[in-house]
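Chain order of the listed sequences is A and B. Heads up: the first sequence begins at 8 in our numbering, then just goes up one per residue. Heads up: the second sequence begins at 8 in our numbering, then just goes up one per residue. For glycine and all other residues, C-beta sits at the position ideal for the given N, C-alpha and C.
There are 2 protein chains.
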Amino acid sequence: MSSDIRPQIESANAQFVSAFKRGDATAMANIYTAGAQLLPANSDFVRGTAAIRTFWQSVIDRGLKGASVETVELEVHGETAIEVGRYRLLAAGDAVADQGKYIVVWKHDNGKWKLHRDIWTTSQSPPAA
Amino acid sequence: MSSDIRPQIESANAQFVSAFKRGDATAMANIYTAGAQLLPANSDFVRGTAAIRTFWQSVIDRGLKGASVETVELEVHGETAIEVGRYRLLAAGDAVADQGKYIVVWKHDNGKWKLHRDIWTTSQSPPAA
Chain A
8 MSSDIRPQIE
18 SANAQFVSAF
28 KRGDATAMAN
38 IYTAGAQLLP
48 ANSDFVRGTA
58 AIRTFWQSVI
68 DRGLKGASVE
78 TVELEVHGET
88 AIEVGRYRLL
98 AAGDAVADQG
108 KYIVVWKHDN
118 GKWKLHRDIW
128 TTSQSPPAA
Chain B
8 MSSDIRPQIE
18 SANAQFVSAF
28 KRGDATAMAN
38 IYTAGAQLLP
48 ANSDFVRGTA
58 AIRTFWQSVI
68 DRGLKGASVE
78 TVELEVHGET
88 AIEVGRYRLL
98 AAGDAVADQG
108 KYIVVWKHDN
118 GKWKLHRDIW
128 TTSQSPPAA
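Shown next, in the form of structure tokens:
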């Protein structure tokens, strides 16, 4: 099973990116498990579908237009996968608003790979004080 | 095996916290695997023992005096474990300099559990602009 998981993860990531580009926070949230958690900077844990939808809606409302993600490393352990990757967040005109790296813990959930734990950090310098 | 892993992870975390309190970045780095990576904010990936030692030395040099960590969730998959937790970074007098959450991917390496991938995000508000 392991050998064909990477395309499945990449396909789920492509769905996420596509939903982001459409500004569809509901579709973004539905790519997560029901018990999923985001661990964003400057926030406590964001738990569950409704809170995750609200989180991504707030990102869209701040003017972010999309993202790109690149899988750097993928480890599969049965129904669980650990992905290490790089991301870019895009503003209008595909300007790079942020770039960084992430770890996602994926779960195989009713035949689909879904994001279960999602944490990322910017690689950009902090804003000047 | 799974049932007795949590105390082993907590013991490794206690060693990390103890080394931090002593200001011993070398001991901190040695609790990571040789191929370990940190994914800190405002930095690219930090890869390997020497770079990890330098990273923690820079944290110590900024006046941080220690840390506390709390395991919230631990999933074990053979020689790999995924920990979700909360941390505090302590300044002089045990003042809380930062607090947040993390994911660590652990590897069972020559009989010891070692940190392999380490990413954390502050839960504090960003500094006022």
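Look at the stretch 66 to 78 of chain B: it has no residue with a C-beta under 8 angstroms from a C-beta of chain A.
Here Leu96/B is not near Glu90/B, since their CB atoms are 8 angstroms or more apart. Just so you know, the alpha carbons of Asp116/A and Phe27/A end up roughly 22 angstroms apart. CA-CA distance, Ile59/B to Gln44/B, rounds to 8 angstroms. Pairing Phe62/B with Val53/B gives a Cβ-Cβ distance under 8 angstroms.
Beyond the five residues adjoining it in sequence on each side, Ile16/A comes within less than 8 angstroms, by CB distance, of Thr78, Leu81, Ala88, Glu90, Trp113, Trp120 in the same chain, given in chain order.
Across the structure, Asp105/A and Gly73/B are spaced so that their CA atoms are roughly 30 angstroms apart. Below the 7 angstroms Cβ cutoff, chain B contributes Val91, Ile110 as neighbours of Arg124/A, in chain order. Between Gly55/B and chain A, the shortest Cβ-Cβ separation is not below 8 angstroms. Residue pairing of His84/A in beta bridges, as defined by DSSP: Thr87/A.
The stretch 38 to 76 of chain A contains, as complete beta strand (DSSP E) runs of 3+ residues, the segments 39 to 45 (chain order). From the beta-carbon of Gly85/A, the residues of chain B found nearer than 8 angstroms are His84. Against chain A, the beta carbon of Pro14/B has no neighbour under 7 angstroms; the closest one sits roughly 21 angstroms away. Rounded to whole angstroms, the separation of the alpha carbons of Gly55/A and Thr56/B is 36 angstroms.
Think of a sphere of 7 angstroms around the beta carbon of Phe52/A: the chain B residues whose beta carbon falls inside it are Lys108, in chain order. Nearest C-alpha to Ala102/A among Gly70/A, Gly118/A, Ser130/A: Gly70/A. It is roughly 5 angstroms from the alpha-carbon of Val111/B to the alpha-carbon of Asp125/B. Distance from the CA atom of Tyr109/A to the CA atom of Leu122/A, rounded to whole angstroms, is 12 angstroms.
Residue environment for Ala32/A: buried (at least 16 other C-beta atoms within 10 angstroms of its C-beta). Residues of the stretch 30 to 51 of chain B whose Cβ lies closer than 7 angstroms to any Cβ of chain A, in chain order: Leu46, Pro47, Ala48, Asn49, Ser50, Asp51. Close CB contacts of Ala19/A within its chain, under the 8 angstroms cut and outside five residues either way in sequence, are with Ile38, Trp113, Lys119, Trp120, Lys121, Leu122 (chain order). For Thr128/B, the chain A residues whose C-beta falls within less than 9 angstroms of its own C-beta are Leu46, Pro47, Ala48, Asn49, Ser50, Ile126, Trp127, Thr128, listed in chain order. Of the candidates Arg93/B, Phe23/B, Ser50/B, Arg93/B places its Cα closest to the Cα of Leu46/A.
For Glu86/B, same chain residues with a beta-carbon under 7 angstroms away, outside a window of 5 residues either side, are Lys114, His115 in chain order.
Residue pairing by DSSP places His115/B opposite Trp120/B in a beta bridge.
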